[in-house]
Amino acid sequence: MPLIIDVLTLFPRMLDGFLAESILGKGIAAGHLAVSVRDLREWATDKHRRADDRPFGGGAGMVMLPEPVFAAIEQVQTPGCRRIYLTPDGVPLSPALALELSQQKHLVLLSGHYEGIDQRIRDKVIDQEISIGDYVLTNGTLAAAVLIDALARFIPGVLGEEKSLTHESFTSKLLDFPQYTRPAEFRGMSVPEILLSGNHAEIEKWRHARQVEKTRQVRPDLLK
Ligand code: ADE
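So the number in this note's numbering is just where the residue sits in the sequence shown, counting from 1, plus 24.
Printed below as a string of C-alpha cells:
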C-alpha cells in the first residue's frame, strides 16, 4: 500500500514541477507514494472564494478562515490519518520525525499562508505542527514539499540503492565525507590517492576521519 498524502494549499501549482521530477516523481510513478494536491478554495463557500480575513483584535495581515479548512480536512481525512500543519512555530523537522511519518498510512498536510490560520483549526482538526526551520517562508507550500521530500527518502524502494541512506549526513549524526568522480585529475586538482587504491578498509577509515573533521568545523553541536 502506498503512503497517501493529501496537501491542502492555496497555491497547488507550486507543487506541479516538484512532484513530477527526479526521485520523487519516479517514486510516485512506481506507486511507493500517492500525493494529491487540493486547492483550499474548492471549499470556500462565498462567491469570491475567500479563504482568509482580517484578524479579530487588529494587527497586520490576513488569517485563514476556519470554514474552508475544516470542510477540506473533514472531507479528505481517514480514520487514523495524521493531520499536520506546516508552521514556523511547530516542532522542528528531524530525520527521526521524517522516518516516523514515512511509516504512516495517510498524511494530510495543511499549508498556511499570510499571517496564519484561525486558532480553532489548530485546536480541533490538526494533530501535529511541524516547522522545517527557523526562518519564515511566504507560505507553507514549500514547507510541505520539503517534508514530503525528506520522508519519501525513507520509504523502501524510493531511493534506488538502499545503501545511499546508511552513509549519509544525519542518519549517522556526522556530516558527509567528500565525493569525487572522473577524471582523477582535473585542472591540476587530483583526487585523494586513497580513493584510487582499491583498499576498502582504508577508504572507510579515511572517509570517517573526513566526516569527523567536517562535523567539528561546521556543526560542532552534533558531536556533543
Ligand atoms: N510556513 C512558513 N514558514 C515555515 C517554516 N519555516 N516551516 C514550516 N512552515 C512554514
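Note that beta-carbon positions come from the ideal geometry of N, C-alpha and C, so glycine has one too. In this text the structure is predicted, and so the values were computed from the model without any measurement.
For Thr111, which three-state DSSP category applies?
In this structure, Thr111 counts as strand in the three-state DSSP scheme.
Below 8 Å on the Cβ atoms is my guess for Leu171 versus Leu110; work out the distance and round it to an integer in Å.
Yes, they are in contact, since the Cβ atoms of Leu171 and Leu110 sit about 7 Å apart, within 8 Å.
Would Gln235 be called buried (16 or more neighbouring beta carbons within 10 Å of its own) or exposed?
Counting Cβ neighbours within 10 Å, Gln235 comes out buried, since at least 16 surround it.
For the putative contact between Phe151 and Arg107, defined by C-beta atoms under 8 Å, what is the C-beta separation to the nearest angstrom?
Here residue 151 turns out to be Asp, not Phe, going by the sequence shown. About 5 Å separates the two Cβ atoms, so the contact holds.
Distance, Ile156 Cα to Arg231 Cα
Their Cα atoms are separated by approximately 29 Å.
With a threshold of 16 other CB atoms inside 10 Å of the CB of Ala169, please say whether the residue is buried or exposed.
The residue is buried, with at least 16 neighbouring Cβ atoms inside 10 Å.
Determine the extent of the alpha helix (DSSP H) in which Arg62 is found, giving its start and end residues.
Arg62 -> not in any alpha helix (DSSP H); beta strand (DSSP E) instead, spanning Leu57 to Asp63.
Look at the Cβ atom of Leu48, then the Cβ atom of Ala167, and state whether they are nearer than 7 Å.
For Leu48 and Ala167, no; Cβs fall outside 7 Å.
Identify the continuous alpha helix (DSSP H) that holds Glu153 and give its terminal residues.
That residue, Glu153, is in no alpha helix (DSSP H); its beta strand (DSSP E) goes Gln152 to Ser155.
C-beta atoms of Ile179 and His56 nearer than 7 Å:
In this structure, the beta-carbon distance from Ile179 to His56 falls below 7 Å.
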